[in-house]
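Before any comments, here is the structure.
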Amino acid sequence: METIQELIAARREKVQALRNAGVQPYPYTYERSHTIEQFYQNFDSIKESEQEISIAGRMVAKRVMGKASFAHIQDETGRLQIYVKRDDIGTDPYQQYKKLTDLGDWMGLRGKAMITKTGEKTLHVTEWTMLSKAIRPLPVVKEDAETGKRYHEFTDPDERYRNRPLDLVVNPEVRKIFRTRARVISFIRRFLDDRRYLEVETPALQPLYGGGTARPFVTLHNQLKKNLYLRIADELYLKRLIVGGLDRVYEIAKDFRNEGVDRTHNPEFTMMECYIAFEDYMYHVNLVESMVSEMVKDIHGSYTLKYEDEEIDFAPPWGRVRFFDALNEKTGEDLLGADLQKLKEVAKRLHVPIPEGASVGKMQDELFSELVEPTFTRPTFVLDYPVELSPLAKRHRDNPLLVERFEAYVAGMEICNAFSELNDPDDQRARFEEQVRARSAGDEEAMPLDEDYLEALELGLPPTAGLGLGIDRLAMILTNSGSIRDVVLFPLLRDKEQHSEEDAE
RNA sequence: GAGAGUGUAGCUCAGCUGGUAGAGCAGGGGCCUUUUAAGCCCAAGGUCGUGGGUUCAAGUCCCACCACUCUCACCA
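For the first sequence, my numbering assigns the number 15 to the initial residue and increments by one for each residue that follows.
In structure tokens form, the structure reads like this:
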């Protein structure tokens with residue numbers, strides 16, 4: 015036996031051998047009395063009472079020594095050594111155990127608590143049951159019991175992302191990452207539910223996309239013979255609900271953006287958006303600050319955590335800086351209201367690259383992200399963005415060149431975006447029209463004009479604060495993950511098959 | 001999109017200035033009734049990412065392509 019096909023064939027023969035011996039290789043249920051964690055927690059009383067308990071899990075290490083064997087069984091809660099002896103379980107069951115089980119098999123084990131010579135808490139098996147015979151071999155990761163040093167680890171990131179079940183079996187820290195991600199999401203739900211936000215679901219398939227600046231995925235509805243878009247944001251639908259009088263709503267959902275794939279971008283990603291009537295953007299500054307800081311404390315037991323090489327302190331209050339205050343300070347100029355000419359001059363002087371066909375908004379964004387963003391080491395709110403960058407945000411009450419908008423930055427990543435929602439239908443129409451002009455000038459990310467949404471606004475959107483929070487990035491920060499692929503179970507990957515020449519661009 | 005790197009057995013990796021592929025683990029056979037990276041003995045195992053090229057000879061050199069990783073640029 016050698017090739018993978020031969021290894022699988024050998025295991026199929028074991029399946030047959032089990033059947034021939036009257037052993038079900040794929041039975042229906044198994045009654046387990048304890049998880050492995052519970053076994054350890056109650057070890058003393060189980061040992062004292064000499065009761066038989068049962069566990070179920072996957073065999074991840076096997077050490078046969080003639081007429082007795084040790085193995086390690088892994089379930090979701092941990093890993094336990096078992097001791098199987100011929101004279102305890104009988105000759106036939108022992109032979110079957112010894113010859114017909116493999117690493118990767120799911121098994122149920124009944125037995126009593128024992129401690130080995132070397133002091134390891136162990137299940138002394140009286141009966142074993144095959145629960146599911148694995149016919150494809152696992153990578154074998156060996157672990158030094160004392161030092162915890164791991165050998166022959168399954169590490170190739172490509173293979174890990176492509177074969178996530180294997181990754182989860184073999185790499186315990188991966189299981190932990192996804193448990194933490196789940197806690198992030200359930201924390202947010204609880205936090206918003208407690209504040210009487212209503213969880214709603216809006217369409218992922220939309221006749222017209224909107225709510226962000228991004229290129230969408232397009233798909234075809236066969237019967238309607240109509241193009242539909244996968245949503246790039248929930249925003250416009252959620253605000254329609256506020257118009258309808260549901261005055262606190264939120265949604266946690268996948269958005270889809272037809273754009274590049276890299277360390278911080280997956281084409282589908284999870285976003286939380288929430289909207290509340292009768293409040294403005296400052297309400298959400300406070301909400302984000304308390305939600306995220308309490309989340310960090312809840313999950314890590316402390317307001318500080320380590321991300322890559324930085325120690326990040328989430329304790330409130332976070333930094334607050336106004337967009338133009340920060341930008342003016344860095345440039346030594348007053349750029350509020352500056353025209354394109356002036357912005358380009360400043361960019362040139364400070365060696366900031368000037369993108370082709372840059373607009374005023376684009377240049378402001380460029381200067382800010384080049385000069386100011388990298389200086390945020392701790393969680394920071396950036397407030398009051400230029401109007402050019404924010405077609406759905408309400409004009410600032412003190413300055414019509416600005417909008418009431420903020421973003422929060424953590425570890426150099428933008429984690430949320432929020433504003434006082436634009437509810438003047440005529441101003442909104444004018445902004446949409448501006449987007450349409452940008453679009454025909456070649457900006458493929460500019461928003462289309464949404465007549466149906468404008469009609470909703472004409473019914474009256476109360477004063478509203480809105481917020482979008484990137485769940486994946488939050489999960490990255492909370493799990494100290496360098497790539498979004500580490501916090502998405504099944505990230506989008508390119509096909510591994512060879513591409514023909516005409517696929518190449 | 002640009003630059004750098006990686007791709008060899010199921011897994012982790014060697015493979016020199018080109019000479020026809022190696023180890024450990026896993027798997028097979030044997031021994032072993034408290035081992036823990038269990039151990040000892042035996043045997044087996046490879047489209048060297050894909051496609052071309054140079055050469056008497058290519059895992060190794062050249063070209064193209066594919067995938068992934070890192071850095072940089074852009075969208076959350």
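Where is the CB? At the ideal position from N, CA and C, for every residue including glycine.
Going along the chain, which residues of its own chain have a beta-carbon closer than 7 angstroms to the beta-carbon of Glu384, five neighbours each way excluded? Val366
Can you tell which of Lys126, Thr143, Ala159 and Ser146 has the C-alpha that lies nearest to the C-alpha of Thr132? Taking only the C-alpha atoms, the option nearest Thr132 is Ala159.
Which first and last residues belong to the alpha helix (DSSP H) in which Gly375 is found? Val374 to Leu385
With a floor of 4 residues, list each alpha helix (DSSP H) that falls wholly inside the region 266-335, ordered by position along the chain. 295-314
Where Phe168 sits in the DSSP three-state scheme: Under the three-state reduction of DSSP output, Phe168 falls in the coil class, being neither helix nor strand.
Is the CB-CB distance between Trp142 and Pro107 below 9 angstroms? Yes; because the gap between Cβ atoms is below 9 angstroms, this pair is in contact.
Excluding the 5 residues preceding and the 5 following Val154 in the sequence, name in chain order all residues of the same chain whose CB lies nearer than 7 angstroms to its CB. Leu117 and His166
Cβ-heavy atom distance, Ile202 to the ligand ZN, below 8 angstroms: Summarising the ligand content, the structure contains no ligands, and the ligand ZN is consequently not present.
Contiguous beta strand (DSSP E) assignments of at least 3 residues, all confined to the region 443-503: Unbroken beta strand (DSSP E) runs of no fewer than 3 residues, entirely contained in the region 443-503, are found at 478-484, following chain order.
Following the continuous alpha helix (DSSP H) through Ala340, name the residue where it begins and the one where it ends. Phe337 to Thr345
On the DSSP bridge assignment, give the partners of Glu428 in chain order. Tyr423
Here's a check: name, in chain order, each residue in its chain whose Cβ is nearer than 7 angstroms to the Cβ of Leu242, leaving out the five neighbours to either side. Leu219, Gln220, Pro221, Thr233 and His235
State buried or exposed for Leu244, treating a residue as buried only when at least 16 other CB atoms are found within 10 Å of its CB. buried
Near Lys240, what residues of its chain come up, given a Cβ to Cβ distance below 8 angstroms and the 5 sequence neighbours on each side ignored? Pro221 and Leu234
Segment limits, alpha helix (DSSP H) that includes Glu62: Where Glu62 is concerned, the enclosing alpha helix (DSSP H) stretches over Phe57 to Ser63.
Express the C-alpha separation of Leu319 and Lys76 in angstroms, rounding to a whole number. Roughly 38 angstroms separates the two Cα atoms.
Rounded to whole angstroms, what's the CA-CA distance from Ile498 to Tyr467? Just pull it up for me. Straight through space, the alpha carbons of Tyr467 and Ile498 are spaced by roughly 33 angstroms.
Asp398 lies in the beta strand (DSSP E); which residues open and close that run? Looking at the DSSP string, Asp398 is not in any beta strand (DSSP E), and its letter there is neither H nor E.
Find the nearest neighbour of Asp441 within the set Ser454, Ala422 and Glu402, judged by alpha-carbon distance. The residue with the shortest Cα to Cα distance from Asp441 is Glu402.
State the beta-bridge partners of Arg409 as determined by DSSP. Val417
How is Ala127 classed by DSSP in three states: helix, strand or coil? strand
Tell me, to the nearest whole angstrom, how far the beta carbon of Asp31 is from that of Leu114; I am working on the premise that it is less than 8 angstroms. In the sequence as displayed, the identity of residue 31 is Ala instead of Asp. At roughly 6 angstroms, the Cβ-Cβ gap stays under 8 angstroms, so Ala31 and Leu114 are in contact.
Distance, Asn34 Cα to Ser307 Cα: 60 angstroms
Less than 9 angstroms separating the beta-carbons of Ile67 and His86? Against a cut-off of 9 angstroms, the Cβ pair of His86 and Ile67 comes out as no contact.
Leaving out the 5 sequence neighbours to the left and right, which residues in its chain are closer than 6 angstroms to Ala470 when beta-carbon positions are compared? The answer, listed in chain order, is Arg254 and Val257.
If you drop the 5 nearest sequence neighbours on each side, which residues of the same chain put their C-beta closer than 8 angstroms to that of His513? The predicted position of His513 is uncertain, since its pLDDT is 39 and thus under 50; a value taken from the coordinates is nonetheless stated next. Excluding residues within five positions, none has a Cβ falling inside 8 angstroms.
I need the DSSP call for Asp517, collapsed to helix, strand or coil. With a pLDDT of only 35 at Asp517, under 50, the local geometry of the prediction cannot be trusted, and no value is derived from it.
With burial defined as no fewer than 16 other Cβ atoms inside 10 Å of the residue's Cβ, what is the status of Arg487: buried or exposed? buried
Run through DSSP, which three-state label would Arg245 get? When DSSP states are grouped into helix, strand and coil, Arg245 belongs to the coil group.
Please check the pair Ile149 and Val29, which I expect to be a contact at CB under 8 angstroms, by giving their CB distance rounded to whole angstroms. Confirmed, Cβ separation roughly 7 angstroms.
Hey, how far is the Cα of Pro476 from the Cα of Ala291? 6 angstroms
If contact is defined by three or more beta carbon pairs under 8 angstroms, each pair taking one atom from either stretch, is the region 277-294 in contact with the region 259-268? yes
Residue range of the beta strand (DSSP E) that Ser83 falls in? It spans Ala82 to Asp89 - the beta strand (DSSP E) in which Ser83 sits, taken as one unbroken run.
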